[in-house]
Amino acid sequence: MGWSVAAFAWICLIARASAQGTAATADGSSIATRTRNSGYRALVQRIVDDGIAKHPKFRELKPYQHIVSLMSKAQGAHRRRRGHMLETAQAVDGSFLASDAFLAGAAEHGRIGGGPSVPLRGHRVPTTLWRYARRRAGLCAGPRGAPTRPPQARVYADLRALFGAGSDFDANVAEVGVGYGAQSDVVQRLGGLLDGAPARDRRYTLCDLPEVEKLAGQYLAAVRRSEEPPRATLNAAPDATATCGATNFTLFLSNYAFSELSADVQQIYWDQIVKCSARGYVTMNGLDFIARLRRAGFGDATLMDSYPQELCPNITQGVVVWGAPLAAVERVEAAALGTPALRSKQAKKARECAAHATRWCRESRSMPSRRQFRIWCDYDKNINAMQWRAADAARAAVRH
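With mature numbering (1 follows the signal peptide of the UniProt record, and there is no 0) as the guide, the letters of the sequence shown map in order to residues -19 to -1, 1 to 381.
Below, the structure written as structure tokens:
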């Protein structure tokens, strides 16, 4: 992983299912388990103990935002930003905005947790479902900033477009880094509303710190207000049927969580989940994961861009996908990044990044405290995911 891994703090999690004090929960095994971030875990435990109903705006609390960041109300309400997020969602999968049932279900997420929302066809939907947010600059450990997680509805749009809306990709999902459970609800319940299929047909395994899994469970119960579909946890109440050897997952999902874990913890989840997942969608830092997947038999593992670059382009960041046709990967990427508003925005970002690279490279050579910025001296060598796939195909052609 690159030098920026420490900066990409979203929630980095997880514990071995049958033990305490393992590498997964030890200090430093993830950003959330570092001693200086103990306020986050303490807050989550307090919310769980008190009951989530007593903390209706828990996502706005500073210790929580320190790990799981949230857009400001100004960001969420900004008309141009709102246009970008809706335009991109519409381009990838227009069925979301066309479904009254889906939007009504999504509006349930606005009842608890707090944060900004936007009006959509008579419903107020939390911006976290649609808008890609990033951590505040004060929390960044480098000039590229620190992304948190993509919006949950946009992730699900990608999943449907990549793997086929009528396929079984969402029949048995495992997610590493569950936050407060919103992604689970989008895949299980809202996906059922969109397709007309009951949520009980979709099984979901939550993989996180025990107290975070419990918080997600309370959140899901609050927004659903009905019988819950099948859900398992690996840590809060370990389920031996929800690991490789007892089941095969139809999808492994993780957004800026798996790549932020220590190597020991990644190995735990490789053995328990990844190696028996037919498909994968992992927003992450580092390309070593692709090589490992291919060695394990996932020969179609590849890299995709799907989100507007809030940060300067960096080929070590992207969406690692497997189990999807290459043509589908290319279609989703083109749809997500090809809208007129985003093309204009990206062109402006490219100019800004080039100027930043020149300055940071110069400062890295003249200021000892900024030696770590020397990576920017090679900024002109950066390539995007499309160029990476082309180079990968060329290498494969030479080998054969």
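All C-beta atoms in this analysis are idealised placements derived from N, C-alpha and C, irrespective of residue type, glycine included.
For PRO357, tell me which candidate among PRO349, CYS188, ARG346 and TRP341 has the shortest Cα-Cα distance. Against the sequence shown, residue 357 aligns to sequence position 376. Correcting the residue type first, residue 357 is Trp in the shown sequence and not Pro. Closest by alpha carbon: TRP341.
Chain-order list of residues whose beta-carbon lies under 6 Å from that of ASP149 (same chain, five-residue window excluded): In the sequence shown, the residue the question calls residue 149 occupies position 168. Here the set comprises THR231.
Please tell me whether ARG105 and ALA152 are closer than 8 Å, where the distance is taken between their beta carbons. One-based indexing of the sequence shown puts residue 105 at position 124. One-based indexing of the sequence shown puts residue 152 at position 171. Contact: no.
Quick one: what does DSSP say GLY173 is sitting in, helix, strand or coil? Within the sequence shown, the letter at position 192 stands for residue 173. It is helical.
Taking 7 Å as the limit between beta carbons, can you name the residues of its chain near VAL310, skipping five residues before and five after? Position 329 of the sequence shown, counted from the start, is the residue given in the question as residue 310. Excluding residues within five positions, the ones whose Cβ falls inside 7 Å are LEU143, THR283, MET285 and VAL302.
Straight-line CA distance for ILE12 to HIS381? Residue 12 sits at position 31 when you count from the first residue of the sequence shown. Residue 381 sits at position 400 when you count from the first residue of the sequence shown. Cα-Cα distance, rounded: 42 Å.
Just verifying my parser: in three-state terms, what is the DSSP assignment at ALA152? To locate residue 152, count along the sequence shown from 1; it is residue 171. If DSSP states are grouped into helix, strand and coil, ALA152 belongs with coil.
Leaving aside the five residues before and after GLU89 along the sequence, list all residues of the same chain whose C-beta is less than 7 Å from its C-beta, in chain order. Here residue 89 refers to the residue found at position 108 of the sequence shown. Contacts found: VAL204.
Rounding to the nearest angstrom, what Cα-Cα distance links SER235 and SER207 in this structure? The residue labelled residue 235 in the question sits at position 254 within the sequence shown. The residue labelled residue 207 in the question sits at position 226 within the sequence shown. Going by the C-alpha atoms only, they are around 26 Å apart.
DSSP three-state call for ARG17: helix, strand or coil? Your numbering for residue 17 matches position 36 in the sequence shown. Reduced to three states, the DSSP call for ARG17 is helix.
Once you ignore the five residues that flank GLY319 on each side, which residues in its own chain have a CB closer than 8 Å to its CB? Within the sequence shown, the letter at position 338 stands for residue 319. Counting only Cβ-Cβ distances below 8 Å, and skipping sequence neighbours, we find ALA72.
Run through DSSP, which three-state label would SER325 get? Counting from one through the sequence shown, the residue named residue 325 turns up at place 344. In the structure shown, SER325 sits in a helix (DSSP, three-state: H, G or I).
Using the Cα positions of ALA316 and SER347, report the straight-line distance between them to the nearest angstrom. Translated into positions along the sequence shown, residue 316 becomes position 335. Translated into positions along the sequence shown, residue 347 becomes position 366. Between ALA316 and SER347, the alpha-carbon positions lie close to 42 Å from each other.
Under the DSSP definition of a beta bridge, which residues are partnered with HIS104? Start at 1 with the first residue of the sequence shown, and residue 104 comes out as number 123. BP columns for HIS104 point to LEU101.
In three-state DSSP terms, what is PHE279? In the sequence shown, counting from the first residue as 1, residue 279 sits at position 298. Coil, per DSSP.
Locate the beta strand (DSSP E) running through LEU227, then write down its first and last residues. Translated into positions along the sequence shown, residue 227 becomes position 246. Note that residue 227 is Ala in the sequence shown, not Leu. Taken as a continuous stretch (DSSP letters only), ALA227 belongs to no beta strand (DSSP E), as it is neither H nor E.
Which value, in whole angstroms, describes the spacing of the CA atoms of ASP269 and ALA277? Taking the sequence shown and counting its residues from 1, one reaches residue 269 at position 288. Taking the sequence shown and counting its residues from 1, one reaches residue 277 at position 296. Cα to Cα, the separation comes out at about 13 Å.
Could you tell me the distance, in whole angstroms, from the CA atom of ARG370 to the CA atom of ALA23? Taking the sequence shown and counting its residues from 1, the one referred to as residue 370 is at position 389. Taking the sequence shown and counting its residues from 1, the one referred to as residue 23 is at position 42. Rounded to the nearest angstrom, the two C-alpha atoms are 43 Å apart.
How would you write the range of the alpha helix (DSSP H) that GLN253 sits in, first residue to last? Numbered from 1 along the sequence shown, position 272 holds the residue referred to as residue 253. 244 to 253 is the span of the alpha helix (DSSP H), which, as asked, contains GLN253.
Give the straight-line distance between the Cα atoms of ARG27 and SER165, rounded to the nearest whole angstrom. Here the question's residue 27 lines up with position 46 in the sequence shown. Here the question's residue 165 lines up with position 184 in the sequence shown. For ARG27 and SER165, the distance between alpha carbons rounds to 22 Å.
With a CB to CB cut of under 7 Å and the five nearest residues on each side skipped, what residues in its chain are close to VAL168? Taking the sequence shown and counting its residues from 1, the one referred to as residue 168 is at position 187. Contacts found: TYR137, ASP151, VAL154, ARG183 and TYR185.
At what residues does the beta strand (DSSP E) containing GLN298 begin and finish? Locating residue 298 in the sequence shown gives position 317, counting from the first residue. Counting along the chain, the beta strand (DSSP E) containing GLN298 begins and ends at 298 to 303.
For PRO179, count neighbouring C-beta atoms within 10 Å of its own C-beta (all shown protein chains included) and say buried if the count is 16 or more, exposed if not. If you number the sequence shown from 1, residue 179 lands on position 198. Answer is exposed; the Cβ neighbour count stays below 16.
Between which two residues does the alpha helix (DSSP H) carrying ARG141 extend? Taking the first residue of the sequence shown as 1, we reach residue 141 at position 160. Element bounds for ARG141: 133 to 144.
In the DSSP output, what is VAL263 paired with across the bridge? For the purposes of this step, residue 263 is taken as residue 282 along the sequence shown, with counting starting at 1. Note: VAL263 sits in a beta bridge opposite SER235 and VAL301.
Boundaries (first-last residue) of the alpha helix (DSSP H) holding LEU187: Working through the sequence shown from its first residue, we reach residue 187 at position 206. Careful: LEU187 lies outside any alpha helix (DSSP H), inside the beta strand (DSSP E) at 184 to 188.
Between ARG351 and the rest of its own chain, which residues show a CB-CB distance below 6 Å, the 5 nearest in sequence each way excluded? Indexing the sequence shown from 1 puts residue 351 at position 370. Here the set comprises GLU344 and SER345.
Per-residue burial, VAL379 [other beta carbons within 10 Å of its own, 16 or more giving buried]: Taking the sequence shown and counting its residues from 1, one reaches residue 379 at position 398. Exposed: under 16 other Cβ atoms inside 10 Å.
I think ALA259 touches GLY304, with their Cβ atoms under 8 Å apart; what is that distance to the nearest whole Å? Your numbering for residue 259 matches position 278 in the sequence shown. Your numbering for residue 304 matches position 323 in the sequence shown. Yes, they are in contact, since the Cβ atoms of ALA259 and GLY304 sit about 5 Å apart, within 8 Å.
Does DSSP put LEU215 in a helix, in a strand, or in coil? For this step, residue 215 is matched to residue 234 along the sequence shown. Reduced to three states, the DSSP call for LEU215 is coil.
Just to confirm, is the Cβ distance from PRO239 to VAL263 under 8 Å? Residue mapping note: residue 239 aligns to position 258 of the sequence shown, counting from 1. Residue mapping note: residue 263 aligns to position 282 of the sequence shown, counting from 1. One point to set straight first is that residue 239 is Phe, not Pro, in the sequence displayed. Contact: yes.
Keeping to the same chain, check which residues put their C-beta closer than 6 Å to that of ALA118; ignore five residues upstream and five downstream. Here the question's residue 118 lines up with position 137 in the sequence shown. Residue confidence for ALA118 is low, a pLDDT of 35 falling below 50, so the modelled location carries little weight; the figure read from the coordinates is stated next. So no residue of the chain qualifies.
Considering LYS38, what are the terminal residues of the alpha helix (DSSP H) in which it resides? Residue numbering aside, residue 38 sits at position 57 when the sequence shown is read from its first letter. From DSSP, LYS38 is part of no alpha helix (DSSP H); its letter is neither H nor E.
Tell me whether SER207 sits in a helix, a strand or coil according to DSSP, three-state version. The sequence position of residue 207 within the sequence shown is 226, counting from 1. Correct three-state label for SER207: coil.
Closest Cα partner of ARG275 within the set GLY86, ALA377 and LYS38: Numbered from 1 along the sequence shown, position 294 holds the residue referred to as residue 275. Considering only alpha carbons, the answer is ALA377.
If you follow the alpha helix (DSSP H) that SER76 is in, where does it begin and where does it stop? The residue given as residue 76 occupies position 95 in the sequence shown. Per DSSP, SER76 belongs to the alpha helix (DSSP H) from 76 to 79.
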